[in-house]
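For reference, the structure discussed in these notes is given below.
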Amino acid sequence: MVIAVANQKGGCAKTTTAVNLASALAKGDPDAGLPPAKVLLVDLDPQGNASTSFGINNRDRHRTVYDLLMNDLGEELPIIDDYLISPEIITDAMEQSWKQSNPDKKIPASLKIENLWLLPSNIQLSAAEIELATRLGRETRLKEGLSPALDEFDYIIIDTAPSLGLLTINAFAAANWVLIPVQTEYYALEGMSQLMNSIKMIQKRINPNLKLFGIALTMYQKSKLCNTVVDEVRKHFSSQVFKTVIPRNIDIAAAPSEGAPITLLKKPNRSNKGSQQYWAMAKELHQRVNFIRKKYGINEPSRLSAYKIRLGK
Ligand code: ADP
Ligand code: MG
Numbered sequence: 003m004v005i006a007v008a009n010q011k012g013g014c015a016k017t018t019t020a021v022n023l024a025s026a027l028a029k030g031d032p033d034a035g036l037p038p039a040k041v042l043l044v045d046l047d048p049q050g051n052a053s054t055s056f057g058i059n060n061r062d063r064h065r066t067v068y069d070l071l072m073n074d075l076g077e078e079l080p081i082i083d084d085y086l087i088s089p090e091i092i093t094d095a096m097e098q099s100w101k102q103s104n105p106d107k108k109i110p111a112s113l114k115i116e117n118l119w120l121l122p123s124n125i126q127l128s129a130a131e132i133e134l135a136t137r138l139g140r141e142t143r144l145k146e147g148l149s150p151a152l153d154e155f156d157y158i159i160i161d162t163a164p165s166l167g168l169l170t171i172n173a174f175a176a177a178n179w180v181l182i183p184v185q186t187e188y189y190a191l192e193g194m195s196q197l198m199n200s201i202k203m204i205q206k207r208i209n210p211n212l213k214l215f216g217i218a219l220t221m222y223q224k225s226k227l228c229n230t231v232v233d234e235v236r237k238h239f240s241s242q243v244f245k246t247v248i249p250r251n252i253d254i255a256a257a258p259s260e261g262a263p264i265t266l267l268k269k270p271n272r273s274n275k276g277s278q279q280y281w282a283m284a285k286e287l288h289q290r291v292n293f294i295r296k297k298y299g300i301n302e303p304s305r306l307s308a309y310k311i312r313l314g315k
């Protein structure tokens with residue numbers, strides 16, 4: 003399944019949510035009923051924050067999602083493997099940047115990740131919005147580029163930019179689900195009707211399969227205001243809102259500077275609330291997926307044994 007993490011608001015934890023869910027789903031927690039899954043994280047924001055969250059240096063010369071979108075091979079589909087960063091390289095990048103901020107400590111074993119691939123991005127992608135405008139198939143280029151990967155991954159998670167422009171439209175065209183992070187603040191619901199209209203428009207014109215997967219409440223603090231916002235969002239979107247709420251937590255914000263998402267950096271327990279709640283959200287996501295599959299009679303085997311995409315460059 004392909005999930006676009008979207009909200010045109012900046013700073014509502016799209017990247018943080020995409021990166022942590024992707025990591026937890028890939029790693030899995032079999033004892034808690036979360037089997038490891040094969041995951042592709044697509045960084046579709048020119049800021050490249052999803053890539054840097056793993057210590058992947060944006061200046062490194064690997065191909066990016068920009069190259070995939072601009073590929074003009076005509077009838078031929080691009081070879082997706084050439085664009086992906088492999089779990090080995092992601093692990094290496096996390097370990098190196100962790101070592102840089104903790105020179106005297108032993109690298110935590112939890113940084114090792116096996117089933118996560120990354121399609122990176124960098125600032126070059128900011129030109130895509132304009133460059134794509136005159137290209138054929140401008141709205142469905144990501145969908146086309148990712149199509150060879152669909153059968154290879156259990157989850158493809160797309161982190162989008164804070165806009166409803168052509169890049170995000172490409173994410174909506176390629177996805178079958180949208181996950182919307184909402185910051186629990188006073189203006190939480192502002193812009194939501196615009197976002198919903200945009201999704202409706204895409205459903206009508208480009209991708210009838212696009213559906214709302216859920217709303218993730220983020221940066222919650224115990225306060226009257228936050229509680230009011232949570233109540234309001236739940237009233238409005240009822241069961242579509244995740245039960246798990248992500249607290250405002252300094253460790254979550256500090257994690258990228260250590261080069262790894264909080265779900266990999268810190269053990270999920272009471273003293274690491276940020277990690278604990280993102281792990282809980284990953285489990286809830288998995289349960290929802292199971293529920294959806296049952297409802298529609300879909301029986302998909304795990305993709306971990308699919309071995310075509312193994313080595314990224
Ligand atoms: P977006 O991708 O929607 O722009 P980010 O995921 O980059 O948002 O988050 C915006 C900022 O807030 C980042 O600095 C991030 O580290 C921080 N942040 C995200 N989630 C939390 C949280 N639960 N608690 C504290 N800080 C957070
Ligand atoms: Mg972001």
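Using our numbering, the first residue of the sequence shown is number 3, and each one after it goes up by one. From the three backbone atoms N, C-alpha and C, an ideal C-beta is built for every residue, glycine too. These numbers were taken from a predicted model, which means no experiment stands behind them.
ask   = Is the stretch 206 to 223 in contact with the stretch 172 to 182, if contact means three or more CB pairs nearer than 8 Å?
value = yes
query = Sorted by chain position, which residues of the same chain lie with C-beta nearer than 6 Å to P258's C-beta, five sequence neighbours on each side aside?
reply = S55
request  = Go ahead and label N292 buried or exposed: buried means 16 or more other beta carbons lie within 10 angstroms of its beta carbon, across all protein chains shown.
outcome  = exposed
key: Rounded separation between I182 and L287 - CA only   = 13 Å
For L70, the three-state DSSP class (helix, strand or coil) = helix
ask   = Between N325 and the rest of its own chain, which residues show a CB-CB distance below 7 Å, the 5 nearest in sequence each way excluded?
value = This structure cannot speak to residue 325, because the chain is shown only from 3 to 315.
message = Which residue marks the beginning of the alpha helix (DSSP H) containing Q102, and which one marks its end?
response = P89 to S103
inquiry  = Could you check if I182 belongs to the surroundings of the ligand ADP, using beta carbon to heavy atom distance under 6 Å?
reply    = no
request  = Express the C-alpha separation of S165 and A129 in angstroms, rounding to a whole number.
outcome  = 14 Å
message = Taking the straight line between their C-alpha atoms, what separation do you get for P32 and M283?
response = 15 Å
Cα-Cα separation, N9 to N104 = 34 Å
inquiry  = Here's the rule I'm using: 16 or more other beta-carbon atoms within 10 Å means buried, otherwise exposed. How should P303 be labelled?
reply    = exposed
For K315, the three-state DSSP class (helix, strand or coil) = Unreliable placement is indicated for K315, whose pLDDT of 38 sits below 50; no coordinate value is reported for it.
task = Could you give the DSSP three-state label for Y188: helix, strand or coil?
result = coil
request  = Run through the stretch 222 to 260 for me and flag every whole alpha helix (DSSP H) of 4 or more residues, listed as ranges in chain order.
outcome  = 226 to 239 and 252 to 256
According to DSSP, residues forming a beta bridge with P183 = A218
query = Which residues share a DSSP beta bridge with I5?
reply = I159 and W179
ask   = Is the beta carbon of D45 within less than 6 Å of some heavy atom of the ligand MG?
value = no
message = So, under 8 Å CB-CB, V21 and A52 are touching, yes? Tell me the CB distance rounded to an integer number of Å.
response = 5 Å
key: Nearest neighbour of S112, chosen from R295, I300 and L266 [CA to CA]   = L266
query = Which residue or residues does DSSP assign as beta-bridge partners of D45?
reply = D161
message = Which runs of the beta strand (DSSP E) at least 3 residues long sit entirely within the stretch 110 to 173? Give them in chain order.
response = 118 to 121 and 157 to 162
request  = Identify which residue in G13, F155 and F239 has its Cα closest to the Cα of W119.
outcome  = F155
query = Helix, strand or coil for L36 per DSSP?
reply = strand
task = Answer with buried or exposed for R143, where buried requires no fewer than 16 other C-beta atoms within 10 angstroms of its C-beta.
result = buried
query = Heavy atom of the ligand ADP less than 6 Å from the Cβ of G12, yes or no?
reply = yes
task = Report the rounded CA-to-CA distance for G13 versus E141, giving the unit in angstroms.
result = 25 Å
query = Just to confirm, does T66 get its C-beta within under 6 Å of one of the non-hydrogen atoms of the ligand MG?
reply = no
task = Note down the Cα distance separating Y157 from A151, rounded to an integer number of angstroms.
result = 10 Å
ask   = Taking R290 as the reference, which of E97, N229, L36 and A15 has the closest Cα?
value = L36
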